[in-house]
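Protein chains in written order, with the working numbering: chain A, 44 to 154; chain B, -15 to 103; chain C, 52 to 209; chain D, -14 to 506.
We put the beta carbon where it would ideally sit given N, CA and C, even for glycine.
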Amino acid sequence: MFTLESGSGFWNPLLWILIVFIAFLLLYGIRGFGRNTYKKDTEQTKAFLSGNKEPSPDEMHVKASNLYWGFTTSLNNVYTALRKMHTGNTSDYVLWFVIILAVLFLVFGVM
Amino acid sequence: MIEYIPFIAVVGMIFIGLYAVLFRRNLIKIVIGISVIESGVNLFLITLGYRDSGVAPIYTSLPAGTPSPQGMVLPVPQALTLTSIVIGVAVLALMLSLVMHIYRKYGTLDIRKIRRLKE
Amino acid sequence: MNGMSKIVKTTVSILFPFTMIFGLYVIAHGHLTPGGGFQGGAIVASGCAMLVIAYGSEWVFERIKTKRLAAFESIGGLGFIAVALLGLVFSTVFFGNFLAGSNLLFGTTPATGSTLADMNTGGVLPLMNFAVGIKVIAGLFVIVLVMAYASSQKEWNT
Amino acid sequence: MTVLDLLIEHAPALIVAIPLFGAFLMPLVSRVNEKLRNILALSIICLTGFFIWLLATDVLARGPRLYIFGAKNLASPMVRILFEVDSMSIFMITITVILAFIALVYSWSFMKEHDGLDKYYTLVLLLIASTLGMELTGDVFNFFVFLEISCIVSCALIAFFISEGEALEAAFKYIVVSSIGALFILFAIGLLYAQYDALNIATLAQVLKYTFLDKIVLVLLVVVLGMKAGLVPMHMWLPDSYGRAPPSVTLIIIGATLASFYGVLRVIFTLYGNVLSNAMRFALPVNVLVGWILIALAIISIIVGVIMALVQTDLMRLIAFAAVAEVGYMFLAIGTSIAALGSPYATTALQGGLLHLLNDALDIGLLFLVAGALYYATKKRLLDDISGLARNMKYTTVFFIIGLLAVAGMPPLNGFASKFLIYESVYQLNPILSIVAILCSILMLAIFVKVFYAAFLGPELPGFKDVKEAPRSMLLAMGLVAGLAIFIGLFPNIVIDTLVKPAADALVNHAQYISTVIGGI
């Protein structure tokens, strides 16, 4: 009843949850074999920055626009083209609509 | 030939309106362009309901000797056109008031300068 | 917006009642002649717009409250749907014309052929025309007033 | 005839009439008491939901229903205004009313500090009524009228934050694009009326011959409705308006956008259902052509939506681009099902697309609600300005994680169930399409993980020391959506069997839709 058939495969969320649960149990068991050397409120928990002081939250914060820098830089060409497409000009919005209309007219043999 | 002239006018009006929307920069002119497209479409609907030497479709004021439904123009396209005109008034009023407020915020009516939202 | 010259004001004062009467006529005869609630309402509202132009928006604002107009607009809309719902109650279908042919208000059956029009026909159509008329008068007048108010403000570039 | 039968019989009209009545009641009530107005708006939606439930039980059990306005016996049926409700309409109105209820619950606290709320509630209820009308009507001209009402009302609502110039700009762009689109729809309707002297969908579908003018009509309707649904490259109005409207409104506008998507389905499956597979073009059946065009546009939508979402700095705009990608997934499924009409995986694709429609509304809606909660708490729109909010906004964080996983299609949430069906069926048409879709889904996960990191994790900025958790009604709204998302994720079969499968069958079986009108007159 809870199995979603797609004709060529199936998906059962409850089964999936069961498997993930078992996997977590196994991981927890494996974790128990490790050595516990962690002590709270000691020097051990502080960030080590080669002896420098920890900077203020403002400086430390990695801003959202800096994330995935590598991806955006390597796809620079794509982004330049897409930025050029998204002009923000209302006339261009309508122009795209007219272009698609014209192309489909050609495809369907109206023009 | 003469009965095709309204249809030619319809196509002409739609293209003129599209030209105004696509290539004019002034917001008011864009609004006018949309209005012209709307008039073109309304003219198209009205032309569809036209019948040669037809009378208004009112049963009680039918001129004597007119064949009862055949001699009247079609009422349905007129109803459609009226609805479309009513909607057009609302759209026009809304667009003009938006243009007023945009002018107040941006200080310009040039469509190319009103693009703080892009990319 | 300030008022215009005395000539314009006088002309408008003379024309205003006629515009009103014509607009109300178009609303009232909506079920007989071309026109109806929207068209008549637009005529009345354009008469009011004439008033705004001739006398200036401040003059009108002293006499008319937009809040009250907005309430009228709601009443028009409510009336329209209420008549439609009454059709559901009395004629077992939404928008049913329960008054037509009932010999009550607007209930006479119209004579076919080339006769004079009878006001007392049409069933619920005149009632709906009145509702739409009230709504359109109030709505368009509010639009005109708000636009006049917005364009009369001094600080334009803020 | 019992009272229940009477209510069911009149339900199609009442579903539209009750929100409309409520809309005009709002300005009067809000002069009396503000709280009363909010309660009244909510109860109106509940009443509408009750009628939808009544109608749904009847239609799902007994097949399509017809409601003809104004007259009992029909002399000339073609000009009558009629509503036709089949399982597809039921599916759509259910989604709309769920979104509307959640939006109204959310706006209780979210809009509290703004003035002009009487107009806000009027417009919201009008938008709901027009969206429901679009989904119920069986008449092309009424479809146009409801579409125009929804355009005008959405435009007014997008410009609700009238003190921001950007909101006005977004609203202007929206109204220009959508009113031109609607006028072209009216032109297409005129062409249909000129040929067949009919306006209702079933009659038109029966007599349609795929003439030269019908080709024009098909292209016009599909392109305009595709534009209103947000298909690339005609999607640009969508990020603008979604990003600037109040989030509670965005939820309902998503409903209106999906109604346009429903229009595409109706045009292709019902209106042109008889002729598409018979006509030929380029030595291909036209349905294959239409299907592949939709697939091409859908793939572009997915790629452009995801890639552009990655670089957005404004949170709501980012989610809006993700919404473009989600619309792409729906069109991908629909295109597959049209291109492969008749094969076994076409049905799977259609079911996947319809389920994804529901999931997209819920997931994107949930993300917008969370973004609105962040905006409510911090008054900041840009992602760069916010950080470390998980410390103070615990519930919102949980809801965002649920939305993130759902929109990226991670198991076991609802997004996965529908995307699974789409991948499996599209793979049988062409494996490359499926691979692109999966890759873009992974990219989507990366994007929202970035948002999660930037907004909720990271150091606590000094400005946000005393940020408060969102108010209770907003949390309730988000919780409702999240609960639905988890429920559909865990038990997709229940939803598919009760709602999606009948809807897909109703779309494919257009002969039944036609015979309901032709036989009922």
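For a contact meaning CB atoms closer than 8 Å, what does MET101(C) contact in chain B?
-> Ordered by position in chain B, no residue passes the 8 Å Cβ test against MET101(C), which lies about 17 Å from the chain.
Classify TYR52(D) as helix, strand or coil using the three-state DSSP reduction.
-> It is a strand residue.
Can you tell which of MET79(B), GLU22(B), LEU93(B) has the C-alpha that lies nearest to the C-alpha of LEU66(B)?
-> Considering only alpha carbons, the answer is GLU22(B).
May I ask you to list, following chain order, the residues of the segment -3 to 27 of chain D that have a beta carbon less than 7 Å from some beta carbon of chain F?
-> Structure shown: chain F not included; protein chains present are A, B, C and D.
Residues sharing a beta bridge with THR573(D), DSSP = A question about residue 573(D) goes unanswered here, because the residues of chain D that appear run from -14 up to 506.
Which chain D residues are close to MET56(B), counting only those with a beta carbon under 8 Å from its beta carbon?
-> Result: empty, since nearest Cβ-Cβ is about 14 Å, beyond 8 Å.
If you compare alpha carbons, which of PRO224(D), VAL291(D), THR42(D), VAL249(D) is closest to GLY211(D)?
-> The closest CA to that of GLY211(D), considering only PRO224(D), VAL291(D), THR42(D), VAL249(D), is found on VAL249(D).
Determine the direct distance from the alpha carbon of GLY49(B) to that of LEU82(B), and round the result to whole angstroms.
-> Within the model, the alpha-carbon separation for LEU82(B) versus GLY49(B) is close to 53 Å.
Boundaries (first-last residue) of the alpha helix (DSSP H) holding THR46(A) = Run containing THR46(A): none; DSSP gives neither H nor E here.
For THR115(A), the first and last residue of its enclosing alpha helix (DSSP H) | Segment 112 to 117, the alpha helix (DSSP H) holding THR115(A).
Where SER103(A) falls, given that 16 or more other Cβ within 10 Å makes a residue buried = Sequence check: residue 103(A) is Met here, not Ser. The residue is exposed, with fewer than 16 neighbouring Cβ atoms inside 10 Å.
Apart from the five residues just before and just after ALA244(D), which ones in its own chain have a Cβ nearer than 6 Å to its Cβ?
-> Excluding residues within five positions, the ones whose Cβ falls inside 6 Å are THR116, MET119, GLU120.
Could you give the C-beta distance for ILE280(D) and LEU317(D), rounded to a whole number, given that I count them as a contact under 8 Å?
-> With a Cβ gap of about 6 Å, ILE280(D) and LEU317(D) count as contacting.
So is GLN497(D) in contact with chain A if we call contact Cβ pairs under 8 Å?
-> With 8 Å as the cut-off, GLN497(D) does not count as an interface residue toward chain A.
Status (buried if at least 16 other CB within 10 Å, exposed otherwise) for ALA40(B) = Flag for ALA40(B) reads exposed.
Determine the chain D residues that contact LEU136(C) at a beta-carbon separation under 8 Å, and present them in chain order.
-> Taking a Cβ-Cβ cut-off of 8 Å, the neighbours of LEU136(C) in chain D comprise ALA2, PHE6, given in sequence order.
Say whether the segment 366 to 385 of chain D touches the segment 439 to 452 of chain D, bearing in mind that this needs 3 or more beta-carbon pairs closer than 8 Å, one atom from each stretch.
-> Contact holds: three or more Cβ-Cβ distances are below 8 Å.
Per-residue burial, ASN208(C) [other beta carbons within 10 Å of its own, 16 or more giving buried] = Interpretation of ASN208(C) is limited by its pLDDT of 45, a score under 50 that renders its predicted location unreliable; no figure is taken from the coordinates.
What residues from chain B crowd round SER134(A), counting only those whose CB sits closer than 9 Å?
-> Those within 9 Å of SER134(A) in chain B are VAL5, LEU6, PHE7, ARG8, ARG9, ILE14, ILE95, ARG96.
Start-to-end residues for the alpha helix (DSSP H) that takes in LEU512(D) | Nothing about residue 512(D) can be read from this structure; chain D reaches only from -14 to 506.
Can you check whether the CB of VAL111(C) is closer than 8 Å to the CB of LEU120(C)?
-> For the pair LEU120(C) and VAL111(C), the CB atoms are not nearer than the 8 Å cut-off.
Nearest chain A C-beta to LYS89(B) closer than 8 Å, yes or no?
-> Chain A, which has no Cβ nearer than 8 Å to the Cβ of LYS89(B), makes this no.
Are the C-beta of HIS104(A) and some C-beta of chain B separated by less than 8 Å?
-> With 8 Å as the cut-off, HIS104(A) does not count as an interface residue toward chain B.
Collapsed DSSP secondary structure at ASN377(D) in the structure displayed | Note: ASN377(D) maps to coil in three-state DSSP.
Closer than 8 Å, Cβ to Cβ, to anything on chain D: give me those residues from the segment 20 to 34 of chain B, in chain order.
-> Per Cβ criterion, the list reads ILE21, GLU22, VAL25, PHE28, LEU29, LEU32.
Hey, does THR116(A) have any beta-carbon neighbour from chain D nearer than 8 Å?
-> At a cut-off of 8 Å, the C-beta of THR116(A) has no neighbouring C-beta in chain D.
Report the three-state DSSP secondary structure of VAL197(C) (helix, strand or coil).
-> Taken through DSSP and simplified to helix, strand or coil, VAL197(C) comes out as helix.
In three-state terms, what does DSSP make of ASN10(B)?
-> In the structure shown, ASN10(B) sits in a strand (DSSP, three-state: E or B).
Looking at the unbroken alpha helix (DSSP H) that takes in THR321(D), where does it start and where does it end?
-> Annotation: the continuous alpha helix (DSSP H) that includes THR321(D) extends over 300 to 324.
Kindly indicate if chain C contains any beta-carbon less than 8 Å away from that of SER68(B).
-> For SER68(B), not one C-beta of chain C is nearer than 8 Å to its own C-beta.
With ASP345(D) as the anchor, note down where its alpha helix (DSSP H) starts and where it stops.
-> 329 to 363 is the extent of the alpha helix (DSSP H) around ASP345(D).
Beta carbon proximity, VAL144(C) to chain D, threshold 8 Å | Under the Cβ distance rule, VAL144(C) counts among the residues neighbouring chain D, one pair being separated by less than 8 Å.
Does any CB atom of chain D fall closer than 8 Å to the CB of THR209(C)?
-> With a pLDDT of 43 at THR209(C), under the threshold of 50, the modelled position of that residue is not reliable, and the figure given next carries that caveat. Output row for THR209(C): interface = no.
When the cut-off is 8 Å and only beta carbons count, does LEU138(A) lie next to chain B?
-> Residue contact check for LEU138(A) against chain B: a CB pair falls below 8 Å.
Does PRO61(B) have its Cβ less than 8 Å from a Cβ in chain D?
-> PRO61(B) counts as touching chain D.
Between THR84(C) and MET(-3)(B), what straight-line distance do the alpha-carbon atoms span, to the nearest angstrom?
-> For the pair THR84(C) and MET(-3)(B), the Cα-to-Cα distance works out to about 30 Å.
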